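Worksheet: one structure, shown below.
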Amino acid sequence: MTDDAHADGSGRERPTGPHERRRERAVRRLDEGDAAGLVAFPSRNLQYLTGFAEEPGERHFFLVVPAASAPDSEPALLVPALYETQVREATGVTEIRTWSDGDDPVAATRELLADRGLDAGRLLVDDTMWARFTQDLCAAAPEATWGLASEALAGLRVRKDEAELAALREAAGVADAVVDDLRELGADAVGMTEAALADWIAERLADRGGRGVSFETVVAAGENGAKPHHGHANREIRGGEPVVLDFGTRVDGYPSDQTRTLVFGGEPSEAYAEVHEVVREAQAAGAEAVEPGVPASAVDRAAREVIEAAGYGDAFVHRTGHGVGLEVHEEPYLVAGNDRELEPGMVCSVEPGIYLDGRFGCRIEDLVVVTEDGCERLNRTDRGWA
């Protein structure tokens, strides 16, 4: 039997993919947590379970995943009729129910929940579901009690499967290629505005095979680099000054997130060169601390100790890193006080920084995958300023 097939009740093999396997694991989590079912709406959870990516909108759009103990345990989608064709093409969910403008979507929701035996019992709803839809779910299943879908899904999503890791590696490779492009741009960046260079980066990400940007690109020149989430503005880039460049793109819905602080068209000050070396050493120490069984806080401590020893402790104003998956920021968070142990398959950023108000900033960031005996860096470009 192949990895992408399993036997149904008749003994025949039927194809499966990563999304069906994730739904099956979610069903097991529902039973373990004594929940009757799960309801997701357009969100990263729905994308994780079906492969269908859509922004929330005004219309009712639900994925219902019953527990194995439900009278009918097959997942089902309730979608606006105008989505039917694309949903059928994009997902492996067998049952797709539709409702049309002019119909009562609450009545359609009530009927689906009742058919699945989910009109009572404990139901988990998407953590980010809009209030209007949670209210309508309560109206459709007034005898149900409620919890959050993260109870079943957080433990699954935090450890990436092979399909997710492949997409994350590819997205990281696209970001690396654009860092190389930036280094080749060199002195030609001098005189460009931060906004123009951000647009240039977005174009290169697309040319290299990415889809959009993971988040608002950070191009923070000179004193703007002291603002960790500056974004970009009309400030022109000057020769010899550090520029914080934090950007990424998506591949199959999965983002890259990488930071390099580069200097274009000249040599930086001695003060900056010193700070950059401290940050580079801190980033290396953080990455070296990543391995299974290590508390997330220990990675933060490893990076922070380097910066504190150099006398810049007060200038490192954020956590060392965060998990990355369909969300750019998700568990596990590499921060003081988080004793959650790292596990193989977790993907995290390691991104210490030093920010000197009114002068400059420096941050270096790679994504890493926790492996069975350490970690794999997803970003491989040089971490120097040139």
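The sequence shown begins at 423 in this note's numbering and counts up one residue at a time. Ideal placement from N, C-alpha and C gives every residue a C-beta, glycine not left out. These figures come from a predicted structure and were not determined experimentally.
Beta-carbon proximity check, residue i vs residue j, cutoff 8 angstroms
i           : j           : result
residue 789 : residue 705 : no
residue 624 : residue 635 : yes
residue 805 : residue 702 : yes
residue 608 : residue 669 : no
residue 712 : residue 721 : yes
residue 737 : residue 694 : no
residue 558 : residue 520 : no
residue 803 : residue 602 : yes
residue 513 : residue 556 : no
residue 740 : residue 664 : no
residue 764 : residue 792 : yes
residue 565 : residue 541 : yes
residue 616 : residue 657 : yes
residue 673 : residue 647 : no
residue 543 : residue 599 : no
residue 854 : residue 801 : Any question about residue 854 goes unanswered here, given that the chain covers just 423 to 808.
residue 640 : residue 653 : yes
residue 782 : residue 638 : no
residue 785 : residue 709 : no
residue 724 : residue 707 : yes
residue 469 : residue 675 : yes
residue 689 : residue 662 : yes
residue 574 : residue 528 : no
residue 587 : residue 444 : no
Where residue i sits in the DSSP three-state scheme
i           : result
residue 694 : helix
residue 807 : coil
residue 459 : strand
residue 777 : strand
residue 487 : strand
residue 717 : strand
residue 519 : strand
residue 738 : coil
residue 525 : strand
residue 746 : coil
residue 793 : coil
residue 757 : coil
residue 800 : coil
residue 655 : coil
residue 783 : strand
residue 502 : strand
residue 544 : strand
residue 578 : helix
residue 771 : strand
residue 536 : helix
residue 725 : helix
residue 661 : coil
residue 492 : coil
residue 570 : strand
residue 558 : helix
residue 475 : coil
residue 563 : coil
residue 549 : coil
residue 763 : strand
residue 512 : helix
residue 731 : helix
residue 788 : strand
residue 480 : coil
residue 427 : Low per-residue confidence applies at residue 427: pLDDT is 42, beneath 50, and the placement is therefore not dependable enough to give any value.
Local Cβ density within 10 Å of residue i, reported as buried at 16 or more and exposed below that
i           : result
residue 563 : buried
residue 610 : exposed
residue 744 : buried
residue 509 : buried
residue 787 : buried
residue 626 : buried
residue 678 : buried
residue 731 : exposed
residue 671 : buried
residue 797 : buried
residue 808 : exposed
residue 554 : exposed
residue 477 : exposed
Any chain C beta carbon closer than 8 angstroms to residue i
i           : result
residue 805 : Going by chain labels, chain C is absent from the structure shown, which holds only one protein chain.
Given 8 angstroms as the limit, is there contact between the region 497-504 and the region 547-558, that is, 3 or more CB pairs closer than that? Put simply, the region 497-504 does not touch the region 547-558. Fewer than three CB pairs are less than 8 angstroms apart.
So does the region 474-489 actually touch the region 447-463, counting three or more Cβ pairs closer than 8 angstroms? Yes: the two stretches touch, three or more of their Cβ pairs being nearer than 8 angstroms.
Does the region 448-455 come into contact with the region 524-540, if we say contact requires no fewer than three beta-carbon pairs (one atom in each stretch) closer than 8 angstroms? Not touching, per the Cβ criterion.
Just checking, does the region 491-501 make contact with the region 566-584 on the three C-beta pairs under 8 angstroms criterion? No, the region 491-501 does not touch the region 566-584.
At which residue ranges does the region 581-641 contain complete alpha helix (DSSP H) runs of 4 or more residues, listed in the order of the chain? Taken in chain order, the complete alpha helix (DSSP H) segments of 4 or more residues contained in the region 581-641 are 584-607 and 616-629.
In chain order, what are the residue ranges of uninterrupted beta strand (DSSP E) at least 3 long that sit wholly in the region 664-714? List check, beta strand (DSSP E) in window: 664-669 and 680-685.
Given 8 angstroms, three or more beta-carbon pairs between the region 768-785 and the region 740-756: A contact exists between the region 768-785 and the region 740-756.
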